[in-house]
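Have a look at the structure below before the remarks.
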């Protein structure tokens, strides 16, 4: 399950005060998460968790839960 | 070039290329993390012929308009050619992204069909349910849907003979494709282009960029856009060179795809809207750029939205260490109505820039200054290409002198013949062979500078958005006072493009309720494939009205800009 910190990094980047996102949520369901903002969200996650993600790995993520798992796997490296 | 002029019909040129360079790559199909699929000229034409037979078998006839609604797929290309091969007109439409509400998508297709007279939709099974209500409706011209990727029967001697005979009869004035120029929702303007218009363009634009047989074009541009369809697909194919095709949906998620494709395929030419230069410069980490080399590139062509000086500067600074030749950064001004390009920076001199007095510029006067301080730096869209003429005119279409900004009017050997089924719009923009573009610009030393649009238009990442469409959508949201909304484009310097902002009057005063309204506005925008980036909620009677009694976009943009400062 995605962490509160992970959720709040995404919400902050998209200027959303309160919006329910969970593992199954997809980017197109989140207000403001369009193709132009996508890279900003990824950069915000990379900065917050001090990691670098491969964009080819990110493309394979089908939802926010999978993106969170990718972040976790980077943190464990 | 001589052979292109001699053959003078696209199908004949493609057949010639397949015979002349059977094993040369026509299309290299790129997908992130996968081995590229290479389609040679011989294979492309053989497959196209099979699709021609299969489509004819299904009842598609010469002159029918076939909308192609498919995701990035290696068979898209032979399907497209197969349509042309029986004299039907391919019209590539945008595949719906998941945000878009199905009703909105259907509304767009219905509007297009009523105007363009779409006959068939060639698509994928995954869109069957979404498209079904359109097929049941009597309000459009669509006769049926086919799923070419599921076609099984391609052989038919009798049909093959008929098709071969038809192909021998094609002449260069025959129409070859239909593309949609921008317009408000459901009113996109259908532009039909002939063999002659496209071939003239291949010759003239090819000359302007010194196209040679060793060039390779790489593109992530969608093929429903003239820059993707004409510049990155038709021109390479007619010229007998390779077009490397990247999925637009994947590129926006992983922009390094373009750089990887350039490096591995040793591409020489790419075309990008201005915002893409910012994305490539700012949003890819150095780690991801390891191994990238741009030394094969002759031309990065900036087109489809106003060229920003800063975007080129940051791109140059970032990629000089990856063997970028700064002179390869060029610009072009183009539109569907003239097939594609009107102007292009000359190779190998790169782009010209001009410092002009800022205050006079806002009044429509060009005064060149030497000192960049307090001036505005403009980037030229290049010299007018051969086969094109340009005039700068005032409101009454009278010519203006060189130091004044006016509407750009064009005459071209690749001109469209008018919008299909839209005579009133055609007569509005075409007069005595001149096309009045609605774009504003000026010419200095034979260099064309394009600075914006005559009418309110928001250009986000190369996509044209009409403010009235946004205002209609937002006006209907509970909490917003109907009709009291203004949509405008605001410059986002970090993105190198405009963003969509709205100013909406509301009686709501409670901050929590306002936050909810903001979210409703963003959501409604998303359902209409619009990202509304800034929302200004203002009290009743805040918006300044025009003399016609409607909220004025210009005056309210100035008012909000003064408040922001």
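Chains as they are written, first to last, in this note's numbering: chain A, -16 to 60; chain B, 4 to 568. Cβ atoms here follow ideal geometry from the backbone N, Cα and C, with glycine treated the same way. Please read all numbers here as calculations on a predicted model, not as lab measurements.
How long is the line joining the alpha carbons of residue 554(B) and residue 546(B), rounded to whole angstroms? In the second chain, residue 554(B) corresponds to position 551, counting from 1. In the second chain, residue 546(B) corresponds to position 543, counting from 1. So the alpha carbons of these two residues sit roughly 6 Å apart.
For residue 308(B) and residue 277(B), which I take to be in contact (beta-carbon distance under 8 Å), what is that distance rounded to the nearest angstrom? Numbered from 1 along the second chain, position 305 holds the residue referred to as residue 308(B). Numbered from 1 along the second chain, position 274 holds the residue referred to as residue 277(B). 5 Å between Cβ atoms; contact.
Since residue 136(B) is in the alpha helix (DSSP H), which residue starts that stretch and which ends it? For the purposes of this step, residue 136(B) is taken as residue 133 along the second chain, with counting starting at 1. Where residue 136(B) is concerned, the enclosing alpha helix (DSSP H) stretches over 131 to 139.
Check the Cβ-Cβ distances between residue 48(A) and every residue of chain B, and say whether any is below 8 Å. Working through the first chain from its first residue, we reach residue 48(A) at position 65. Residue 48(A) does not count as touching chain B.
The segment 126 to 135 of chain B / the segment 98 to 114 of chain B touching (three or more Cβ pairs under 8 Å): yes
State buried or exposed for residue 22(B), treating a residue as buried only when at least 16 other CB atoms are found within 10 Å of its CB. Mapped onto the second chain, residue 22(B) falls at position 19. Exposed.
Minimum Cβ-Cβ distance from residue -13(A) to chain B less than 8 Å: For the purposes of this step, residue -13(A) is identified with residue 4 of the first chain, where counting begins at 1. No, because no Cβ of chain B sits closer than 8 Å to the Cβ of residue -13(A).
Chain-ordered chain B contacts of residue 11(A) [CB-CB under 8 Å]: If you number the first chain from 1, residue 11(A) lands on position 28. Chain order gives the chain B residues near residue 11(A) as 100, 101, 102 and 529, where near means a beta carbon separation below 8 Å.
Under a three-way DSSP split, which group does residue 200(B) fall into? As a working mapping, residue 200(B) is identified with position 197 in the second chain. Note: residue 200(B) maps to helix in three-state DSSP.
Following the continuous beta strand (DSSP E) through residue 437(B), name the residue where it begins and the one where it ends. Position 434 of the second chain, counted from the first residue, corresponds to residue 437(B). First-last of the beta strand (DSSP E) with residue 437(B): 437 to 447.
Using a beta-carbon distance cut-off of less than 8 Å, what residues from the segment 280 to 291 of chain B approach chain A? 282, 286, 287, 288, 290 and 291
If you run the structure through DSSP and keep just helix, strand and coil, what is residue 513(B)? Position 510 of the second chain, counting from 1, holds the residue named residue 513(B). The answer is coil: DSSP assigns residue 513(B) none of H, G, I, E or B.
Beta carbon of residue 11(A) nearer than 8 Å to that of residue 46(A): Counted from its first residue, the first chain places residue 11(A) at position 28. Counted from its first residue, the first chain places residue 46(A) at position 63. Cβ atoms of residue 11(A) and residue 46(A): not closer than 8 Å.
Just the Cα atoms here: how many angstroms apart are residue 38(A) and residue 55(A)? What you label residue 38(A) is simply residue 55 of the first chain in a count that begins at 1. What you label residue 55(A) is simply residue 72 of the first chain in a count that begins at 1. Approximately 16 Å between the Cα atoms of the pair.
Taking CB distances under 8 Å as the criterion, tell me whether residue 498(B) reaches chain A. The residue labelled residue 498(B) in the question sits at position 495 within the second chain. Output row for residue 498(B): interface = yes.
By Cβ distance below 6 Å, which residues in the same chain neighbour residue 20(B) in space, the five residues on each side in sequence not counted? For the purposes of this step, residue 20(B) is taken as residue 17 along the second chain, with counting starting at 1. 44 and 243, listed in sequence order.
Note down, in chain order, all residues in the segment 35 to 59 of chain A with a beta-carbon under 8 Å from any beta-carbon belonging to chain B. 35, 37, 38, 39, 41, 42 and 43
Quick one: list the residues of chain A neighbouring residue 36(B), beta-carbon separation under 7 Å, in chain order. Numbered from its first residue, the second chain carries residue 36(B) at position 33. The contacting residues are 39.
Given a limit of 7 Å on CB to CB distance, which residues of the segment 251 to 271 of chain B reach chain A? Within the segment 251 to 271 of chain B, the qualifying residues are 253, 255, 256, 257 and 259.
4-residue-minimum alpha helix (DSSP H) runs that sit fully inside the segment -7 to 58 of chain A, ordered along the chain: 18 to 32 and 38 to 42
Rounded to whole angstroms, what is the Cα-Cα separation between residue 26(A) and residue 228(B)? To locate residue 26(A), count along the first chain from 1; it is residue 43. To locate residue 228(B), count along the second chain from 1; it is residue 225. Using only the alpha carbons, I get a separation of about 29 Å.
Three or more C-beta pairs below 8 Å linking the segment 219 to 228 of chain B and the segment 246 to 265 of chain B: yes
Three-state secondary structure (DSSP) at residue 569(B)? Chain B is shown only over 4 to 568; residue 569(B) falls outside these bounds and no answer can be derived.
What beta strand (DSSP E) runs, 3 residues minimum, are completely inside the segment 290 to 330 of chain B? For the segment 290 to 330 of chain B, whole beta strand (DSSP E) runs of length 3 or above, ordered along the chain, are 302 to 305.
What residue range is occupied by the uninterrupted alpha helix (DSSP H) comprising residue 61(B)? For the purposes of this step, residue 61(B) is taken as the residue at position 58 of the second chain. It spans 44 to 61 - the alpha helix (DSSP H) in which residue 61(B) sits, taken as one unbroken run.
Neighbouring residues, chain B, relative to residue 5(A) (Cβ below 9 Å): The count along the first chain starts at 1 and reaches residue 5(A) at position 22. Those within 9 Å of residue 5(A) in chain B number zero; the least Cβ separation is about 17 Å.
Would you please verify whether the beta carbon of residue 534(B) is less than 8 Å from any beta carbon of chain A? For this step, residue 534(B) is matched to residue 531 along the second chain. Yes, residue 534(B) counts as interfacial toward chain A.
To the nearest whole angstrom, what separates the beta carbons of residue 225(B) and residue 251(B), a pair I think is in contact under 8 Å? Numbered from its first residue, the second chain carries residue 225(B) at position 222. Numbered from its first residue, the second chain carries residue 251(B) at position 248. Confirmed, about 5 Å.
Contact between the segment 504 to 514 of chain B and the segment 530 to 543 of chain B (3+ Cβ pairs under 8 Å): yes
Looking at C-alpha atoms only, which residue of 247(B), 235(B) and 50(B) is the closest neighbour of residue 41(B)? As a working mapping, residue 41(B) is identified with position 38 in the second chain. The shortest Cα separation from residue 41(B) among 247(B), 235(B) and 50(B) belongs to 247(B).
What are the partner residues of residue 504(B), as DSSP defines its beta bridges? Within the second chain, residue 504(B) is the residue found at index 501, counting from 1. 491(B) and 537(B), per the DSSP bridge assignment.
Please compile the residues from chain A whose C-beta is within a distance smaller than 7 Å of the C-beta of residue 464(B). Here residue 464(B) refers to the residue found at position 461 when the second chain is read from its first residue. Chain A residues near residue 464(B): 19.
Give a yes or no on whether the minimum CB-CB distance between residue 22(A) and chain B is below 8 Å. Along the first chain, one-based indexing puts residue 22(A) at 39. Residue 22(A) counts as touching chain B.
Helix, strand or coil for residue 525(B)? Go by DSSP, reduced to three states. Numbered from 1 along the second chain, position 522 holds the residue referred to as residue 525(B). The answer is helix: DSSP assigns residue 525(B) an H, G or I state.
Cβ of residue 525(B) less than 8 Å from any chain A Cβ? To locate residue 525(B), count along the second chain from 1; it is residue 522. Yes, contact with chain A.
In chain A, which residues lie less than 8 Å from residue 522(B) when you measure between Cβ atoms? As a working note, residue 522(B) is residue 519 in the second chain. Those within 8 Å of residue 522(B) in chain A are -1, 2 and 14.
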